[in-house]
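Take a look at the structure below.
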Amino acid sequence: MNWSVVTDNAGLLLEAFGTTLWVAGATIVLSVVLAFPLAVMRDGPIRSLRIVSAVFSWVMRATPALTLLFLTYFGLPQVGIYLAAVPAAIAGLTLSATGYNMEYIRAGLRAVPSTQYEAARALGMPFPMILRRVIVPQAIRTIMPPLTSNLTLVMKGSSLAGMVAVTELTGAGMALISRTYQPFEILIVIGLAYLMLNGVLIWLQHRVENWLSLPGQG
Amino acid sequence: MSATDGPLLEVAGLEKTLGAQHVLRGVDFAVNRGEVLAIIGASGSGKSTLLRCLNLLIRPDNGRILWQGREVGWVQNAGKRMPARERDLLGYRTQISMVFQSFNLFPHMTALQNVMEAPVMVMKRPRDEVRAEAEALLEKVRLSHRASAYPHQMSGGEQQRVAIARALAMRPEALLFDEVTSALDPELKGEVLSVMRDLASEGMTMVSVSHEMGFVRNVADRVVFMHKGRVCEAGDPKDVLANPSTPELQAFVRSVTD
Numbered sequence: 010m011n012w013s014v015v016t017d018n019a020g021l022l023l024e025a026f027g028t029t030l031w032v033a034g035a036t037i038v039l040s041v042v043l044a045f046p047l048a049v050m051r052d053g054p055i056r057s058l059r060i061v062s063a064v065f066s067w068v069m070r071a072t073p074a075l076t077l078l079f080l081t082y083f084g085l086p087q088v089g090i091y092l093a094a095v096p097a098a099i100a101g102l103t104l105s106a107t108g109y110n111m112e113y114i115r116a117g118l119r120a121v122p123s124t125q126y127e128a129a130r131a132l133g134m135p136f137p138m139i140l141r142r143v144i145v146p147q148a149i150r151t152i153m154p155p156l157t158s159n160l161t162l163v164m165k166g167s168s169l170a171g172m173v174a175v176t177e178l179t180g181a182g183m184a185l186i187s188r189t190y191q192p193f194e195i196l197i198v199i200g201l202a203y204l205m206l207n208g209v210l211i212w213l214q215h216r217v218e219n220w221l222s223l224p225g226q227g
Numbered sequence: 427m428s429a430t431d432g433p434l435l436e437v438a439g440l441e442k443t444l445g446a447q448h449v450l451r452g453v454d455f456a457v458n459r460g461e462v463l464a465i466i467g468a469s470g471s472g473k474s475t476l477l478r479c480l481n482l483l484i485r486p487d488n489g490r491i492l493w494q495g496r497e498v499g500w501v502q503n504a505g506k507r508m509p510a511r512e513r514d515l516l517g518y519r520t521q522i523s524m525v526f527q528s529f530n531l532f533p534h535m536t537a538l539q540n541v542m543e544a545p546v547m548v549m550k551r552p553r554d555e556v557r558a559e560a561e562a563l564l565e566k567v568r569l570s571h572r573a574s575a576y577p578h579q580m581s582g583g584e585q586q587r588v589a590i591a592r593a594l595a596m597r598p599e600a601l602l603f604d605e606v607t608s609a610l611d612p613e614l615k616g617e618v619l620s621v622m623r624d625l626a627s628e629g630m631t632m633v634s635v636s637h638e639m640g641f642v643r644n645v646a647d648r649v650v651f652m653h654k655g656r657v658c659e660a661g662d663p664k665d666v667l668a669n670p671s672t673p674e675l676q677a678f679v680r681s682v683t684d
């Protein structure tokens with residue numbers, strides 16, 4: 010093994026690492042934030058919103074993430090919207106991730122017994138307050154494990170951004186490999202980088218779960 | 427200003443169909459201020475649905491609900507009678523609190539937080555004032571020592587008493603009880619019933635669906651016997667239960683005393 014290929018290109022790899030962090034981080038935050046209202050709409054009282062979010066979920070999950078990415082990068086300019094590569098990649102990856110996130114969130118919201126809604130309504134709470142004060146704090150425990158699991162997939166899936174001229178970790182690594190013919194060292198370094206990024210994500214999940222746990226309930 | 431001479435709550439011709447079931451087929455009765463009304467009847471007779479119609483957790487299909495002489499649940503819109511919007515019912519619900527068979531405390535909140543939640547969040551009252559009142563309510567239901575316990579750490583009887591304190595925290599004009607002792611072990615029913623007896627003696631208006639015949643006989647001022655979605659018999663519980671005039675109530679009384 011010859012690690013000089015890594016040390017010589019440390020600057021390039023670090024920059025790519027930063028890009029991956031930025032693209033994946035933005036996608037994770039945006040897709041969770043967008044998925045919450047969509048999950049609520051999906052089972053909410055308003056029929057038209059139920060249909061809109063059902064169609065969104067279906068399209069975003071049934072279409073390959075790469076197709077969505079190409080649509081935001083190559084497709085949007087056709088209708089006069091020009092995004093730089095990184096924002097276009099974040100947009101495409103966010104659409105895909107949101108479709109999945111909303112289903113995990115929805116499952117968690119449905120797992121809260123309907124008697125909790127009833128008790129809150131009987132106390133005169135309006136629907137948004139019921140969600141915020143009663144349902145979401147209970148649902149979040151159910152939501153966290155599968156949602157985080159999906160977010161680790163989103164983290165790794167950010168490598169698709171390399172297909173639309175974003176120099177992120179995987180793309181940069183591939184370019185480096187084809188120039189140096191030293192795949193092993195480069196792939197190990199890239200693998201460790203993803204391992205670390207997702208390690209942080211899983212660590213955060215445990216922190217949140219500990220914070221939410223009730224005394225004597227594990 | 428409210429009419430003080432008429433009944434506090436009055437229902438007339440209440441009807442509800444749930445799915446294929448015609449659950450309520452025209453229910454009429456009235457509750458006076460300070461009165462304890464017990465609703466009895468076999469399961470499936472429409473008692474719980476009726477109770478949920480009273481605070482409009484379930485919207486009746488037909489009929490009228492008068493609260494202090496004013497109709498609730500319906501509005502006149504351009505000469506047409508329309509169901510009121512959910513948000514226009516919230517104020518009414520704070521005046522007529524409900525206690526459930528399965529307690530339905532919020533599991534992520536302590537006993538004290540459960541009691542404080544609605545006064546602080548719904549009624550926007552100052553937290554310090556509410557805390558003092560909530561502590562007093564927990565003392566009233568003899569649970570001061572459990573203020574910081576979570577529901578899963580409490581017995582069913584304790585949870586139900588917290589639920590009563592939570593309902594009282596809204597300073598309601600009336601309380602609805604939906605078979606509140608049915609989910610409790612026999613030795614825990616007594617502590618909940620004694621809290622309800624205290625409330626009755628303080629003059630709280632109560633409508634209670636109950637299978638506790640001792641409570642109905644000794645605490646209720648009036649009893650309503652429901653059968654197949656209608657009021658089959660009503661009156662003073664001592665008379666009505668001792669001398670049921672309809673064969674339906676005779677059969678029911680036999681079945682609960684055996």
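First to last, the protein sequences are chains U and L. The opening position of the first sequence corresponds to residue 10 in my numbering, with each subsequent residue numbered one higher. The opening position of the second sequence corresponds to residue 427 in my numbering, with each subsequent residue numbered one higher. Quick reminder that beta carbons are idealized off the backbone N, C-alpha and C, glycines included.
Short CB-CB distance (under 8 Å) between residue i and chain L
i                 : result
ALA148 of chain U : no
MET134 of chain U : yes
ARG130 of chain U : yes
ARG142 of chain U : yes
PRO137 of chain U : no
THR124 of chain U : yes
GLY227 of chain U : Because GLY227 of chain U sits at a pLDDT of 49, beneath the cut-off of 50, its placement in the model cannot be relied upon, and the following sentence gives the value as read from the coordinates. It does not: the Cβ of GLY227 of chain U has no partner Cβ on chain L nearer than 8 Å.
PRO224 of chain U : yes
GLU127 of chain U : yes
GLU218 of chain U : no
Within-8 Å CB hit, residue i to chain U
i                 : result
ALA609 of chain L : no
LYS442 of chain L : no
LEU516 of chain L : yes
LEU483 of chain L : yes
PRO533 of chain L : yes
ALA544 of chain L : yes
SER462 of chain L : Reading off the sequence shown, one finds Val at residue 462 of chain L, where the question assumed Ser. So, not an interface residue.
THR520 of chain L : yes
VAL548 of chain L : yes
SER528 of chain L : yes
SER474 of chain L : no
SER523 of chain L : yes
Residue closest to residue i, alpha-carbon to alpha-carbon, out of the options
i                 : options                                   : result
ALA595 of chain L : L:ASN540, L:GLN579, L:SER581 and L:VAL606 : L:ASN540
ASP431 of chain L : L:ASN458, L:HIS448, L:LEU444 and L:GLY439 : L:ASN458
SER523 of chain L : L:ASP665, L:LEU477 and L:HIS653           : L:LEU477
GLN579 of chain L : U:LEU223, U:ARG150 and U:VAL175           : U:LEU223
ALA646 of chain L : L:VAL449, L:GLY655, L:SER636 and L:GLU561 : L:SER636
GLU599 of chain L : L:SER469, L:VAL437 and L:GLN494           : L:GLN494
SER570 of chain L : L:PRO577, L:TYR576 and L:GLU561           : L:GLU561
PHE678 of chain L : L:GLU543, L:GLN447, L:LEU450 and L:ALA468 : L:ALA468
CB of residue i within 8 Å of CB of residue j, strictly
i                 : j                 : result
THR107 of chain U : LEU47 of chain U  : yes
LEU118 of chain U : ALA93 of chain U  : no
PRO509 of chain L : LYS442 of chain L : no
ARG648 of chain L : LEU492 of chain L : no
VAL498 of chain L : MET134 of chain U : no
ILE199 of chain U : GLY182 of chain U : yes
ILE82 of chain U  : ALA97 of chain U  : Per the sequence shown, the amino acid found at residue 82 of chain U is Tyr instead of Ile. Contact flag set, yes.
VAL41 of chain U  : ASN110 of chain U : yes
LEU480 of chain L : LEU435 of chain L : yes
ALA660 of chain L : SER528 of chain L : no
THR631 of chain L : TYR576 of chain L : no
VAL32 of chain U  : VAL173 of chain U : no
SER167 of chain U : THR76 of chain U  : no
GLY629 of chain L : GLY445 of chain L : no
ALA573 of chain L : LEU538 of chain L : yes
Own chain, CB closer than 8 Å to residue i, minus 5 neighbours either side, in chain order
i                 : result
THR657 of chain L : First, the residue type needs correcting, since residue 657 of chain L is Val and not Thr in the sequence shown. So the qualifying residues of the chain are VAL453, ASP454, PHE455, VAL650 and PHE651.
PHE26 of chain U  : LEU178 and ALA202
THR161 of chain U : ASN207, LEU210 and ILE211
Beta-carbon proximity list for residue i, same chain, < 7 Å, skipping 5 on both sides
i                 : result
THR157 of chain U : LEU210, ILE211 and GLN214
VAL217 of chain U : MET153
VAL546 of chain L : ARG553 and VAL556
LYS664 of chain L : ARG643
VAL621 of chain L : VAL567, ARG587 and ILE590
ALA438 of chain L : ASP454, GLY489 and ARG490
GLY583 of chain L : LEU610, LEU614, GLU617 and VAL618
VAL121 of chain U : ILE144, GLN147 and ALA148
Other residues of its chain near residue i: CB distance less than 6 Å, five sequence neighbours each side excluded
i                 : result
LEU619 of chain L : PHE641
PHE603 of chain L : VAL525 and SER634
TYR518 of chain L : VAL498
LYS654 of chain L : none
LEU482 of chain L : GLY499 and LEU515
Residue i: CB within 7 Å of a non-hydrogen atom of the ligand GTP
i                 : result
MET639 of chain L : With respect to the ligand GTP, the structure offers nothing, as it holds no ligand at all.
Run through the region 509-576 of chain L for me and flag every whole beta strand (DSSP E) of 3 or more residues, listed as ranges in chain order.
With a minimum length of 3 residues, the continuous beta strand (DSSP E) runs that stay inside the region 509-576 of chain L are 522-525.
Ignoring anything shorter than 4 residues, give me the alpha helix (DSSP H) runs that lie fully in the region 599-668 of chain L, in order along the chain.
612-627, 639-644 and 663-668
Uninterrupted alpha helix (DSSP H) stretches inside the region 456-515 of chain L (no shorter than 4 residues)
473-480
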